[in-house]
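Just so we're aligned, residue 3 is where the first sequence starts under our numbering, counting upward by one.
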Amino acid sequence: MTRLVGHLDLDYFYAQVEELENPSLRNLPVLVCVYSGRTGNSGVVSTANYRARELGVRSGIPIAFAKKRLAGTEAAFIRMDREKYAGYSERVMEILRENVDVMEQTGIDEAFFDITKRAGGSFEAGTEMASLIKSQVLQRERLTCSVGIAPTKISAKLASDFKKPDGLTVVGPSELANFMEPMPVEKLYGIGDKTAKALQGAGVVTIGDLARKDIPQLDDLFGQKMAVYLHNSASGEDDEPVQERGKATQISRIITLKRNSRNQDEIMTQLAPALDDVHKRVAEKGLFFRSISVIGILSDLSIRTRTKTLEAPTSDSSTLNRATSELLGALVGELGDLRRVGIKVADFEESKEQSSLSEFLR
DNA sequence: GTATGCTTTCGGC
DNA sequence: TTACGGCCGAAAGCATAC
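Okay, structure coming up:
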């Protein structure tokens with residue numbers, strides 16, 4: 003049975019929210035930035051609106067670089083406000099949830115959904131539903147999004163990416179092969195620079211090239227698991243179901259140090275608010291964690307981590323602080339100066355009250 | 001060989 | 001000339017047990 007899978011992506015999300023709240027920004031280059039606090043311009047661009055993209059500024063580049071690129075224009079540099087965007091995101095996801103059979107949020111600004119049932123398997127009906135979702139998001143939240151409808155998750159994501167902003171692309175089963183074939187392989191989820199290079203060596207440039215390779219050929223290059231994944235993805239036969247995501251599996255916080263340092267006290271002082279924040283978020287959700295990691299980023303921006311797994315889950319802040327201190331010591335001992343440092347907790351269990359409740363219900 | 005668990009790195013947005 | 005965040009989930013890598 004052919005599925006109707008959808009993918010929704012909020013257009014240049016953070017920057018669009020800023021435009022929405024301040025319409026005078028609409029025709030300017032708008033950059034939502036993460037300021038690290040080290041120097042005035044230290045940090046990166048998180049999201050750029052389309053006007054800024056036309057001028058060569060995109061997400062991930064240093065703010066100082068963007069400043070140079072946009073010298074002489076009236077560009078708006080805006081500090082990122084994640085909580086604000088999360089509010090908009092939650093309301094949009096709720097609209098989506100009301101209109102689909104199953105939905106799977108995969109980021110703050112995107113989600114997969116399945117409408118096979120309520121569209122009765124019809125792509126015409128599916129198109130109407132996608133249209134309705136888009137207009138509800140626009141009416142209720144004043145935001146545009148791009149939506150794709152196709153038979154699988156991978157093809158739905160390609161479809162939402164096909165026309166943006168404010169796009170709606172529907173790819174029925176009979177059009178699927180022609181739609182995917184000409185696209186470069188790196189458009190496929192899970193194929194980055196490294197895999198794309200390796201594929202290019204084997205004469206594979208487009209998704210169509212990849213679909214024509216058989217599994218044994220790919221097995222030699224990438225191993226069996228990856229071979230099957232690549233083959234199915236490129237052939238439009240990926241069968242990953244759309245599934246509601248459960249609770250978060252990790253909670254982390256990373257900061258940039260005022261200056262590079264290997265001094266444990268100096269680092270712990272700056273890390274303390276992040277530790278408090280992580281502990282607060284864990285407590286709010288009633289979680290117990292068993293794994294604690296310290297993340298260190300060196301001056302060359304490479305990332306190193308050290309992890310400690312506890313005997314038993316805890317929510318105790320002094321345990322968190324002690325373990326962090328210990329892991330940090332190990333990390334700076336081996337690596338020397340750090341530029342940024344972070345803390346992560348994971349391997350969650352429900353709080354005792356909740357687990358006895360679920361036991362009782364069972 | 002296979003399943004499992006833990007640590008580290010990778011890659012998307 | 002250089003410039004450089006903060007999250008998340010999953011894969012990869014490795015060890016151990018059977």
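C-beta: ideal position from N, C-alpha, C; glycine also.
In this structure, residue 340 lies near residue 264, with their beta-carbon atoms less than 8 Å apart. Judged by DSSP secondary structure, residue 71 falls within the alpha helix (DSSP H) whose first and last residues are 65-71. Looking from the CA of residue 83, the closest CA among 98, 23, 73 and 122 belongs to 23. The alpha helix (DSSP H) runs of length 4 or more contained entirely in the region 82-120 are, from start to end of the chain, 84-100.
Between residue 151 and residue 129, the gap from beta carbon to beta carbon is short of 8 Å. Residue 325: member of the alpha helix (DSSP H) spanning 319-337, first to last residue. In the structure shown, the three-state DSSP call for residue 240 is coil.
Listed in chain order, the non-local C-beta contacts of residue 95 below 7 Å within the same chain comprise 107 and 113, local neighbours out to five positions each way being set aside.
Nearest Cα to residue 315 within the set 338, 110, 288 and 335: 288. As summarised for the region 142-218, the continuous alpha helix (DSSP H) elements at least 4 residues long and confined to that stretch are 155-164, 178-182, 195-203 and 209-214, given in chain order. In this structure, the alpha-carbon of residue 79 lies about 44 Å from that of residue 175.
With contacts defined by Cβ atoms closer than 8 Å, residue 4 and residue 243 do not form a contacting pair. Looking at 280, 333 and 177, the one whose alpha-carbon comes closest to that of residue 300 is 333.
Under DSSP, the beta-bridge partners assigned to residue 78 are 32.
In this structure, the straight-line span from the alpha carbon of residue 7 to that of residue 19 is close to 27 Å. Around the beta-carbon of residue 186, fewer than 16 other beta-carbon atoms lie within 10 Å, marking it exposed.
No Cβ-Cβ contact shorter than 8 Å links residue 170 with residue 238. Residue 280: member of the alpha helix (DSSP H) spanning 266-286, first to last residue. Note that the C-beta distance between residue 115 and residue 10 is below 8 Å. The residues 292, in chain order, have a CB closer than 6 Å to that of residue 312 in the same chain once the five nearest residues on each side in sequence are set aside. The Cβ atoms of residue 317 and residue 296 do not sit closer than 8 Å to each other.
For residue 240, the CB contacts under 7 Å within the same chain, skipping 5 residues up- and downstream, are 154, 155, 156 and 234 in chain order. Excluding its 5 nearest sequence neighbours in each direction, residue 45 has C-beta neighbours in its own chain below 7 Å: 35, 36, 37, 38 and 65, listed in chain order. Judged by DSSP in its simplified three-state form, residue 347 adopts strand. Between residue 149 and residue 162, the CB-CB gap stays under 8 Å. The distance from the Cβ of residue 104 to that of residue 245 is about 7 Å, consistent with a contact at the 8 Å cut-off. For residue 247, there is no enclosing beta strand (DSSP E), as DSSP gives it neither H nor E. Residue 21 is classed as buried because its beta carbon has at least 16 other beta carbons within 10 Å across all chains shown.
Proximity to residue 67 across 85, 47, 56 and 81 peaks at 47, based on C-alpha coordinates.
In the three-state reduction of the DSSP assignment, residue 49 falls in the strand class, which pools E and B.
Counting only the Cα atoms, residue 73 lies some 13 Å from residue 30.
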